[in-house]
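**Q**
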Amino acid sequence: MLPFFNQKELVVCLNQSQYQKYISLLEKEGIGYRTKVRDLSSPSLFSMGTRERAGTVFQKVNCQTIYTIYVRKADYERAVHVIIV
526 MLPFFNQKEL VVCLNQSQYQ KYISLLEKEG IGYRTKVRDL SSPSLFSMGT RERAGTVFQK
586 VNCQTIYTIY VRKADYERAV HVIIV
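First residue of the sequence shown: 526, per this note's numbering; consecutive thereafter.
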């Protein structure tokens, strides 16, 4: 949907309810977006074995997933206004 060079990071969310709120606001305004989801409890492809050794002892349960929302550069100013208001 969005070419990599034509997008800008809008917001990073640490819980799903906040993420759902933001994407519903963007959809209501007709602003296209792309989401990147990162699970901090699963092992990384590039550093296999690190999370298995260390575990998730000091990680908060509600902060194990990070949602990053990207929008087109042309829509960035309007998207920021929608998210803040």
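Just so it is clear, CB atoms sit at the ideal spot from N, CA and C, and this is done for glycine as well. On a predicted model such as this, the values are computed, not experimentally measured, just so you know.
(1) I want to see whether chain B comes within less than 9 angstroms of ILE556, judged by CB atoms only; does it?
(2) So, is ILE594 buried or exposed, given that buried needs 16 or more other C-beta atoms within 10 angstroms?
(3) Of all the options TYR592, GLU602, ALA599, which has the alpha carbon lying nearest to the alpha carbon of LYS546?
(4) Name the one or two DSSP bridge partners that ARG563 has.
(5) Measure the C-alpha to C-alpha separation of VAL607 and TYR558 and round it to an integer number of angstroms.
(6) Excluding the five sequence neighbours on either side, which residues of its own chain have a C-beta within less than 7 angstroms of the C-beta of VAL562, listed in chain order?
(7) Going straight from the alpha carbon of LYS553 to that of ALA604, what length do you get?
(8) Count the other C-beta atoms from every protein chain shown that fall within 10 angstroms of the C-beta of VAL596, then say buried if there are 16 or more, exposed otherwise.
(9) Tell me, to the nearest whole angstrom, how far the beta carbon of LEU535 is from that of TYR601; I am working on the premise that it is less than 8 angstroms.
**A** This is what the structure holds:
(1) No chain B is part of this structure, which consists of one protein chain only.
(2) buried
(3) Comparing Cα positions, the closest option is TYR592.
(4) Its beta-bridge partners are ILE591.
(5) 13 angstroms
(6) Residues of the same chain with a CB within less than 7 angstroms of the CB of VAL562, apart from the 5 flanking positions on each side, are THR590, TYR592 in chain order.
(7) 11 angstroms
(8) buried
(9) 7 angstroms
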